[in-house]
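So the sequences go chain by chain: S and U. When you read off a place in the first sequence, starting at 1, and then add 312, the result is the number in the working numbering. When you read off a place in the second sequence, starting at 1, and then add 312, the result is the number in the working numbering. Glycine included, each C-beta is placed from N, C-alpha and C at the ideal position. Source: prediction; values computed, not measured. All remarks here apply to the structure that follows.
2 protein chains.
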Amino acid sequence: MSPRTRRTSIADVARRAGVSVGTVSNVLNRPDRVSPTTRERVEAAIAELSFVRNGSARQLRAGRITTVGAIVLDISNPFFTDVTRGIEERLTADDYTLMVASSDREPEREARYLRLFEEHGVRGVMVVPTGESIDHLLAVRERGIGVVLLDHPSPVDSVSSVAVDDVLGGALATRHLLDQGHTRIAFLNGTHSIRQCADRLEGARRALADAGRDPDAALVEVTVPLDANGGETGIRALLEADDRPTAVFCVNDLVALGALRTLRRAGVSVPDDVALVGYDDVTFAAELATPLTSVRQPRHELGARAADMMLRGTDAPAEHVVFKPELVVRESSTTRAP
Amino acid sequence: MSPRTRRTSIADVARRAGVSVGTVSNVLNRPDRVSPTTRERVEAAIAELSFVRNGSARQLRAGRITTVGAIVLDISNPFFTDVTRGIEERLTADDYTLMVASSDREPEREARYLRLFEEHGVRGVMVVPTGESIDHLLAVRERGIGVVLLDHPSPVDSVSSVAVDDVLGGALATRHLLDQGHTRIAFLNGTHSIRQCADRLEGARRALADAGRDPDAALVEVTVPLDANGGETGIRALLEADDRPTAVFCVNDLVALGALRTLRRAGVSVPDDVALVGYDDVTFAAELATPLTSVRQPRHELGARAADMMLRGTDAPAEHVVFKPELVVRESSTTRAP
DNA sequence: TGACCACATTGAATCGATTCATAACGCGTC
DNA sequence: GACGCGTTATGAATCGATTCAATGTGGTCA
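Given below as structure tokens:
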């Protein structure tokens, strides 16, 4: 095996088939302009040499290509997995290809992938921003690359966005817990630099205020990592406290999963001793030891819609879509029938 | 906003800074060879023009880059999500970047992404093959691109691979059910063209044969899609049958999730009426309504190890690693204490 | 027979960054 | 002032596919 032989190029194919490079390129891109005989000859040469187009050269000449990038906060979160699938399905319908990356909620990683995508000449990027500012995204757009904010309302008119009303979601969950008679509610949340977290908190506080409660007194916020382990540490912290809340609202279902596990191990009954509400309504939410009340978001549609905007192109007017979340009540938050 | 202005190039920067293109390139790639004064001047020009390198041109000249591709069967399956994370962590340690794609178990999609990656000039690809043959992957390797088989033992010595012993996994699950006294076992499986499915079946049959049973009589195989809905349809089919098995082995935990849901709705108790075993031991397996017995695979390590082999390069001798799975027994397969 | 047209094919210019042989420069030494 | 050495900077050649004006080849029709 020759380790470092030059990749076979279009010129090699041309030589082999006894035609010019232009003709080979035509076979590849506009087969109808080439006579059947030569086309066959070229195709044979391609097969014999097992030639693969050099995408870099192709793209260098042709400009942008049919690839778009997506940067989500965390691919291992089922919420983003489903959003991604929605994007992908819409894109493949138009023969576009998707490159996905996970920022892990770190602005540096977001910036790094953004640059990588831009250097690769993607048509556009769909980004769940990690930070408060989107200036870096505006800069990308200035350079002619489409930008759609994913799961994030746009702070400026000119940038399209697809979001879900997280303030409403937070309020739905909290109001429900209030309706069940809870007066002290814990909120296992992520850092407020993550917009989704900040908004859901805002919603929770509004629901409390609307009910005539003092949010500062009634809501105990615990900041945790946004996965099952985060739920575990959050609950541990709560269990040690003197004044244990009777209800826990988790900022996503993974956290709720960890919370449920930890409560069960500690011998605390859900929902009898503690009511639990999650967020996202992931596949397994209904099937847990205690079926989980959760706030459902249109994950798939979120992605599909964003992809749709992306495909409209840079010239189309910006659009701003905000979906409404929906509370799905299950056993984890409702007192069991005796 | 100028919609279709040419991207600013290294020549623009050079002009602005009053230097040659070679110098700009040096600032970008070997800053130490440039005097501090000119470097500053060039950097200023880069900032003012908000210049972003054209990756295609860069790569066209330089050859391969530090990107590798991975093609898994289904990113929305938590098993593959975790494998991907393992890969990513290992790669970022060496400053490599990962592009992930999902073949959805379709050979055409696998081939399409493979070509896309190759055209983009990736250093290598890590693939969970969809079909029986890996000839297309050998061809890719002939062209100087690293290939590592993911979750698939290599049929040839020359190609590195990382796998888990699925025959053993199938046997572990089945033996366990036999030990619990079950004599008629259903297997909700995928098509046999998927190696993992074929192997787990093989393992199940061996376990039966070892126990002196006739696999054809004792095992009822139902072919289903590999997600929660698949579990649902599979169980529906079984419930309609006259001779209902007393145990169900599901080829993965998503299928088991759907199975559990459907059994519960049909009023069939797990494990009292039907024992259930899954595969993968995903995060939520322990927290389901009935905690799920499952076969655990070292997902993260699987990915990390594959990435490791990839980084060793094409010249290093091929390696073949086969991890051993492990049965995690929980309530779904063990008769409840009275 | 010659004019004209449709169709096929050619080959050189082009995209933008990198590389490297060469030139320019600064500075100390004899 | 000539020489040599080390440091910087230059610019043309290069990577491989695409594009398009120009050329070539028949074929049809007056």
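Handout entry: Cross-chain neighbours of threonine 595(U) in chain S, by beta carbon under 8 Å
Key = Ala540, Leu566, Leu569
Practice task
For the alpha helix (DSSP H) containing valine 440(S), list its first residue and its last residue.
Solution key: In the DSSP annotation of this structure, valine 440(S) is not part of any alpha helix (DSSP H), being labelled neither H nor E.
Practice task
Check whether the Cβ of isoleucine 387(S) lies closer than 9 Å to any Cβ atom in chain U.
Solution key: yes
Handout entry: Proximity of leucine 372(U) and alanine 369(S) at Cβ, strictly below 9 Å
Key = yes
Problem - Through-space distance from histidine 464(S) to glutamine 508(S), alpha-carbon basis - result: 8 Å
Practice task
Let me know the secondary structure DSSP gives aspartate 522(U) once reduced to three states.
Solution key: helix
Practice task
Along the alpha helix (DSSP H) that carries threonine 545(U), what are the first and last residues, could you check?
Solution key: 540 to 552
Exercise for the section: Return no unless some Cβ of chain U is closer than 9 Å to the Cβ of asparagine 341(S). Expected result: no
Exercise for the section: For serine 581(U), count neighbouring C-beta atoms within 10 Å of its own C-beta (all shown protein chains included) and say buried if the count is 16 or more, exposed if not. Expected result: exposed
Handout entry: 8 Å CB neighbourhood of alanine 523(U) in its chain, flanking five on each side removed
Key = Arg487, Leu490
Exercise for the section: Identify the contact partners of arginine 433(S) in chain U, using a Cβ-Cβ distance below 8 Å as the criterion. Expected result: Reading the sequence as shown, one finds glycine at residue 433(S) and not arginine. Within chain U, the residues near glycine 433(S) are Asn366, Gly367, Ser368.
Problem - Among Ala530(U), Val339(U), Glu352(U), the one whose alpha carbon lies nearest that of aspartate 555(U) - result: Ala530(U)
Practice task
Quick one: which unbroken beta strand (DSSP E) runs of 3-plus residues sit fully inside the region 448 to 530 of chain U? Chain order, please.
Solution key: 458 to 462, 472 to 476, 497 to 501
Practice task
Starting from leucine 588(S), follow the alpha helix (DSSP H) in both directions and report where the run begins and ends.
Solution key: That residue, leucine 588(S), is in no alpha helix (DSSP H); its beta strand (DSSP E) goes 587 to 592.
Exercise for the section: Classify serine 645(U) as buried or exposed, calling it buried when 16 or more other Cβ atoms lie within 10 Å of its own Cβ. Expected result: buried
Problem - valine 346(U) beta carbon near the ligand MG (any heavy atom closer than 8 Å) - result: Here there are no bound small molecules, and the ligand MG is not part of this structure.
Problem - Neighbour list for leucine 449(S) in chain U, Cβ cutoff strictly below 8 Å - result: For leucine 449(S), there are no C-beta contacts with chain U under 8 Å, since the nearest C-beta of that chain is about 13 Å from it.
Problem - Spatial neighbours of arginine 345(S) in its chain, beta-carbon cut-off 6 Å, leaving aside the 5 residues before and after - result: Asn338
Exercise for the section: Taking C-beta pairs closer than 7 Å, name the residues in chain S that leucine 412(U) reaches, listed in chain order. Expected result: At residue 412(U) the sequence reads valine, which differs from the leucine that was named. Simply Val412.
Exercise for the section: Indicate the three-state DSSP secondary structure (helix, strand or coil) for alanine 382(U) in the structure shown. Expected result: In this structure, alanine 382(U) counts as strand in the three-state DSSP scheme.
Exercise for the section: State buried or exposed for proline 637(S), treating a residue as buried only when at least 16 other CB atoms are found within 10 Å of its CB. Expected result: buried
Exercise for the section: Can you tell me which of the three DSSP states phenylalanine 635(S) falls into? Expected result: strand
Problem - threonine 409(S): contacting residues in chain U (beta-carbon distance under 9 Å) - result: Listed along chain U are Ala413, Arg424, Tyr425, Leu428, each with a C-beta nearer than 9 Å to that of threonine 409(S).
Exercise for the section: Would you mind telling me which residues of chain S sit closer than 7 Å to arginine 397(U), beta carbon to beta carbon, in chain order? Expected result: The contacting residues are Ser388.
Handout entry: Cα-Cα separation between methionine 621(U) and histidine 448(U), rounded to whole angstroms
Key = 20 Å
Exercise for the section: Please name the residue or residues paired with alanine 559(S) in a DSSP beta bridge. Expected result: Paired residue(s): Ile497(S), Ala587(S).
Handout entry: Under 9 Å (Cβ pairs) to chain S, residues found in the region 451 to 465 of chain U
Key = Ala451, Val452, Arg453, Glu454, Arg455, Gly456
Handout entry: Expected contact under 8 Å - CB spacing of valine 567(U) and leucine 500(U) to nearest Å
Key = 5 Å
Problem - Proximal chain U residues relative to leucine 372(S), where beta-carbon distance stays under 8 Å - result: Within chain U, the residues near leucine 372(S) are Asn366, Ser368, Ala369, Leu372.
Exercise for the section: Could you check what DSSP says for alanine 413(U) in three-state terms: helix, strand or coil? Expected result: strand
Handout entry: Element boundaries [alpha helix (DSSP H), containing serine 337(S)]
Key = 333 to 341
Problem - Min CB distance serine 362(U) to chain S below 9 Å - result: yes
Exercise for the section: With a threshold of 16 other CB atoms inside 10 Å of the CB of proline 650(U), please say whether the residue is buried or exposed. Expected result: No answer about proline 650(U) holds up, because its pLDDT of 40 lies below 50 and its placement is not dependable.
Practice task
Determine the burial state of threonine 647(U): buried for a count of at least 16 other Cβ atoms within 10 Å of its Cβ, exposed for fewer.
Solution key: exposed
Practice task
Check whether the Cβ atoms of glycine 482(U) and leucine 462(U) sit closer than 9 Å, and answer yes or no.
Solution key: No, they are not a contact pair.
Exercise for the section: With DSSP as the reference, label threonine 602(S) as helix, strand or coil. Expected result: coil
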